[in-house]
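What follows is one structure encoded as structure tokens, with my remarks underneath.
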Amino acid sequence: MNTEHPKIFLHTCCAPCATASTLRLLKDDYDVVLFFSNSNIYPPEEYKKRLINARKLANILKVPLIADDYDHESWQKWVRGLENEPEQGKRCEKCFHYSLERTSKKAHELNIPFFTTTLTISPYKISPVIFRVGRQFPGFVDYNFKKKEGYKESIRLSREWDLYRQNYCGCEYSLRVEG
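Count the sequence shown with the working numbering and you get residues 1 to 179, in order.
What follows is the structure, encoded as structure tokens:
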């Protein structure tokens with residue numbers, strides 16, 4: 001009898017969003033591997049701060065974390081022409097595609113059959129758009145982490161575990177709007 005849990009690769013936008021998301025996946029009997037892939041984050045110091053906190057969370061939850069290469073220039077080229085789009089618009093959808101495609105490729109490379117993203121926990125992100133983008137890639141699992149008070153739980157856990165909570169999505173365009 002095989003008692004091994006299926007592996008899932010969790011695209012991790014930040015430690016706070018990964019708190020309740022990871023716990024939900026663990027409760028659903030997945031072996032979770034966090035994937036910090038966030039070339040959208042600006043400035044580089046912010047990226048480093050978020051990565052440090054993602055590693056802190058991985059240690060707390062005793063799950064592995066893999067950090068992707070940071071390539072903000074590549075991400076900027078990817079969203080070029082959409083700089084003035086509103087939040088939750090075409091630029092965000094294109095950004096989701098960038099991150100989820102990288103996650104899918106890395107999961108495949110590591111022979112991890114499933115992947116999903118913490119992005120759906122945020123009340124500022126539209127889950128059906130994320131699902132539509134994610135379904136373009138094999139192995140994507142629709143998880144709406146907003147359900148069951150996921151966002152509220154992520155705030156509570158972030159405070160309990162003293163994790164850095166940023167006040168903008170990550171890119172310079174959301175910083176301009178939200179920051």
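Even glycine gets a Cβ: it sits at the ideal position worked out from N, Cα and C. The structure presented is a predicted model; accordingly, all values stated were derived computationally and were not measured.
Would residue i be called buried (16 or more neighbouring beta carbons within 10 Å of its own) or exposed?
{"i": "K48", "result": "exposed"}
{"i": "N38", "result": "buried"}
{"i": "R180", "result": "Only positions 1 to 179 of the chain appear in the structure, and residue 180 is not among them; the question remains open."}
{"i": "R134", "result": "Checking the sequence, you will find Gly at residue 134 rather than Arg. Answer is buried; the Cβ neighbour count reaches 16."}
{"i": "S74", "result": "exposed"}
{"i": "N40", "result": "buried"}
{"i": "E178", "result": "Residue placement at E178 cannot be trusted, given a pLDDT of 49 that sits under 50; the coordinates are not used to answer."}
{"i": "R156", "result": "exposed"}
{"i": "L100", "result": "buried"}
For the candidate residues the options, whose alpha-carbon lies nearest to that of residue i?
{"i": "E160", "options": "I8, D142 and P16", "result": "P16"}
{"i": "Y70", "options": "K62, S127 and F35", "result": "F35"}
{"i": "E4", "options": "D29, K105 and L157", "result": "D29"}
{"i": "D142", "options": "Q88, P128 and P86", "result": "P128"}
{"i": "K77", "options": "K94, Q88, V63 and E87", "result": "K94"}
{"i": "E109", "options": "Q88, H97, P138 and L82", "result": "P138"}
{"i": "E172", "options": "E85, S158, V63 and Q136", "result": "E85"}
{"i": "S104", "options": "R132, S174, L26 and F140", "result": "F140"}
CB-CB under 6 Å to residue i, same chain, minus the five flanking residues each way: which ones, in chain order?
{"i": "L119", "result": "C13, K125 and I130"}
{"i": "N53", "result": "A15, L163 and Y164"}
{"i": "K7", "result": "D31 and I112"}
{"i": "R91", "result": "V79, L82 and E85"}
Determine whether the beta carbon atoms of residue i and residue j lie at a separation below 9 Å.
{"i": "G150", "j": "R50", "result": "no"}
{"i": "V33", "j": "L57", "result": "no"}
{"i": "L61", "j": "T22", "result": "yes"}
{"i": "S189", "j": "K152", "result": "Since the first residue shown for the chain is 1 and the last is 179, residue 189 is missing from the structure and cannot be characterised."}
{"i": "F46", "j": "Q166", "result": "A small fix is needed here, since residue 46 is Glu in this sequence, not Phe. For E46 and Q166, yes; Cβs fall inside 9 Å."}
{"i": "A107", "j": "F96", "result": "no"}
Residues in its own chain within less than 8 Å of residue i by CB, not counting five upstream and five downstream?
{"i": "P44", "result": "Y70 and H72"}
{"i": "R24", "result": "Y143, F145, K148 and G150"}
Take residue i and list the residues in its own chain whose beta-carbon comes closer than 7 Å to its own, dropping the five residues that flank it on each side.
{"i": "R55", "result": "L65"}
{"i": "R102", "result": "S37 and D68"}
Item to check | Ranges of the beta strand (DSSP E) found wholly within the stretch 46–130, counting only runs of at least 3 | outcome: 65–67 and 114–117
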